[in-house]
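Position 321 of the sequence shown, counted from 1, bears residue number 337 in the numbering used here, the numbering being contiguous throughout.
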Amino acid sequence: MEITGGNSNEKIHWADVCAADVDRGVKHLIATGITPSGPIHLGNMREVVTGDVVYKAMRAKGLDAELIYNADDFDPLRKVYPFLDESYAKYIGYPLCDIPCPCGKHKSYADHFLEPFLKALEELDVKPKVLRSSELYRSGKYTEQIKTVLENTAEIKEILERVSQRKLPDNWVPFYPICKGCGQISNAEILEHDPERHIVKYRCSCGHVDECDYSKGEGKLVWRVDWPMRWNALGVTVEPFGKDHAAAGGSYDTGKEIVEKIFGGKAPFPVPYEWISLKGKGAMASSTGVAITISSMLEIVPPDVLRYMIVRSKPEKAINFDPGMGLLTLIDEYSRVAEKGESREYELSKISDVATDIPFRHLVTVVQIAKDDDAILETLARSGYNVSNRDAVIKRARRAKIWVEQYAPENVSFTVKEELPECAKSFGDEEKRAIKTLVEKLSKVPVWNAENIHNAVYDTGTEAGINPKDIFTCIYKAILAQERGPRAGWFLEALGSDFVIKRLSETVN
17 MEITGGNSNE KIHWADVCAA DVDRGVKHLI ATGITPSGPI HLGNMREVVT GDVVYKAMRA
77 KGLDAELIYN ADDFDPLRKV YPFLDESYAK YIGYPLCDIP CPCGKHKSYA DHFLEPFLKA
137 LEELDVKPKV LRSSELYRSG KYTEQIKTVL ENTAEIKEIL ERVSQRKLPD NWVPFYPICK
197 GCGQISNAEI LEHDPERHIV KYRCSCGHVD ECDYSKGEGK LVWRVDWPMR WNALGVTVEP
257 FGKDHAAAGG SYDTGKEIVE KIFGGKAPFP VPYEWISLKG KGAMASSTGV AITISSMLEI
317 VPPDVLRYMI VRSKPEKAIN FDPGMGLLTL IDEYSRVAEK GESREYELSK ISDVATDIPF
377 RHLVTVVQIA KDDDAILETL ARSGYNVSNR DAVIKRARRA KIWVEQYAPE NVSFTVKEEL
437 PECAKSFGDE EKRAIKTLVE KLSKVPVWNA ENIHNAVYDT GTEAGINPKD IFTCIYKAIL
497 AQERGPRAGW FLEALGSDFV IKRLSETVN
């Protein structure tokens, strides 16, 4: 993204463009929000990290800004999702905050999914003020706004029908009571409204007739009205949201007119974003099971790398996430960016307590060689890495181990054989001559590191008149009983000179 001024082009980050475009001289509230109806996945992360990046860019410009996360725990359970048992069928339509926790360890269904998400936000260095829709409704925060909505239903209906180009029922009212008969957030027939007492009389589809007090949160507004109401009540000035809401005639378009004409307010500065898709499976969604939770991803990927994945892409650009080799490429890319330490992408991604000095690809090799934590530290120290921060190194190594176990392609996984494999006992004379030369060279390298090992193989190829690729094949056969393996330099460096020289010597004896 470029901003041109005079005769020069100055490249600035997309978040800084947002920060430059918002109103000056006002207190800003950047709002993010997700419904905790299921595991909060990596795709959801784009909303909160986008909000956080814009927040940090605004603060860097000296703007008075605050970041909030609104947990939409007052939404109803829509259906029995694939991750739930059938016993939850009886709770369909209930507010998420009033449904029992699936594991029995949390206050509610909503908290069951919110708790790991909020912990993940801490790791990602996202520190919003956390609000809950249920508490806001039930505390009376939205009482006056709901009253205004009910008194202006006809005008709101006209706006929605005109802007979204869809027909609503003649008796449509944008308020759903929580039925005292069936317990569901009900698209009930509204019979009366007493604005002085904040009371709505309704007839639910279950047949129950009763009253609800919206000042106590005994009902909620429909989404397309709830959203602009929230902008007005909370004072939201900036908000990222998914591309579906940004479509022509979508929620943002209707919300913009509602907040202006009904509440006399102003729509927030929009930051629409594209989806994060899972490679080969499509857009992530808990309801379809196509998702990786943020918590499970943080078991593998350093949080600053996940931030970088969001930071480096403009919000309107789709992200296709590949948890296999694509993830290693992403981590390598971030390592190069971090090493330079100059870019705005790095500034907005960096988390101060995250260790990034040991290449993740190297750890992928090491954790498949070393059997325990002490062996991992010993192997890394032998390769010249600083392992004084034991906890940070082991945490990073465990991430690599989980990645190998869950996402690594077959050509990356390997097992070092304890004995010389049968396939390495029948090398031809030319191969044995090359291996013998290689052993001599490896015995004399000044420092046992990947570069010197790599050079020794190529020098051997030149002297022996054999393709270095064939030498590498012999090495992999001798150690792994396969023709291919991890990057040879790092691999042999991690194994150590004693083991490598001894094993290769066995092939020529």
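Backbone N, C-alpha and C define an ideal beta-carbon position, used for all residues, glycine too. Because the structure is a prediction, the values reported are computed rather than measured.
For residue j and residue i, the rounded distance between their alpha carbons
i	j	result
residue 196	residue 116	18 Å
residue 143	residue 69	11 Å
residue 533	residue 241	Residue 533 lies beyond the residue range present for the chain, which begins at 17 and ends at 525; the question has no answer from this structure.
residue 343	residue 403	24 Å
residue 60	residue 283	22 Å
residue 99	residue 132	16 Å
residue 472	residue 484	10 Å
residue 66	residue 256	7 Å
residue 205	residue 245	22 Å
residue 502	residue 443	21 Å
residue 35	residue 73	6 Å
residue 80	residue 374	38 Å
residue 218	residue 90	19 Å
residue 39	residue 83	16 Å
residue 331	residue 293	14 Å
residue 441	residue 488	16 Å
residue 237	residue 416	46 Å
residue 500	residue 266	52 Å
residue 380	residue 481	33 Å
residue 120	residue 194	24 Å
residue 320	residue 118	31 Å
residue 363	residue 136	20 Å
residue 176	residue 182	8 Å
residue 333	residue 316	24 Å
residue 383	residue 329	31 Å
residue 398	residue 106	60 Å
residue 514	residue 469	13 Å
Candidates the options: closest to residue i by CA position
i	options	result
residue 433	385, 58 and 396	385
residue 561	451, 503, 202 and 235	This structure leaves residue 561 out entirely; the chain is present only between 17 and 525.
residue 313	28, 45, 38 and 58	58
residue 158	269, 340 and 249	249
residue 166	181, 130 and 211	211
residue 360	339, 324, 376 and 375	324
residue 337	295, 49 and 388	295
residue 437	495, 382 and 237	495
residue 401	291, 477, 506 and 387	506
residue 253	216, 427 and 281	281
residue 85	46, 38, 76 and 103	46
residue 261	186, 326, 236 and 180	180
residue 341	413, 411, 276 and 426	426
residue 112	390, 358 and 52	52
residue 271	346, 317 and 173	173
residue 225	203, 177 and 276	203
residue 231	476, 162 and 388	162
residue 448	435, 468, 467 and 476	476
residue 97	306, 490 and 78	306
residue 129	274, 310, 75 and 154	310
residue 429	378, 409 and 304	378
Classification of residue i by the beta-carbon crowding that lies within 10 angstroms, buried from 16 upward
i	result
residue 63	buried
residue 474	exposed
residue 126	buried
residue 146	exposed
residue 613	With the chain covering 17 to 525 only, the question about residue 613 has no answer from this structure.
residue 17	Any reading at residue 17 must be qualified, since the residue scores a pLDDT of 38, below 50, and its modelled position is unreliable; no value is offered.
residue 228	buried
residue 92	buried
residue 365	buried
residue 422	exposed
residue 358	exposed
residue 445	exposed
residue 551	Outside the modelled stretch of the chain, which goes from 17 to 525, sits residue 551, for which no answer is possible.
residue 27	exposed
residue 519	buried
residue 508	buried
Cross-strand partners of residue i (DSSP beta bridge)
i	result
residue 336	293
residue 210	215
residue 309	57
residue 111	92
residue 205	219
residue 385	Paired residue(s): none; residue 385 is not in a bridge.
residue 298	294
beta-carbon residue i near the ligand SAM non-hydrogen atom, thresh 6 Å
i	result
residue 364	For the ligand SAM, the structure offers nothing, since it holds no ligand at all.
What beta strand (DSSP E) runs, 3 residues minimum, are completely inside the stretch 138 to 192? 145 to 148
I'd like the ranges of any alpha helix (DSSP H) spanning at least 4 consecutive residues and lying wholly in the stretch 440 to 485. 445 to 459 and 466 to 480
Enumerated in chain order, which unbroken segments of the beta strand (DSSP E) with a length of 3 residues or greater are wholly contained in the stretch 212 to 291? 215 to 219, 225 to 229, 235 to 237, 254 to 258 and 285 to 289
Hey, which unbroken runs of the alpha helix (DSSP H) at 4 residues or more fall wholly within the stretch 18 to 104? 30 to 37 and 58 to 76
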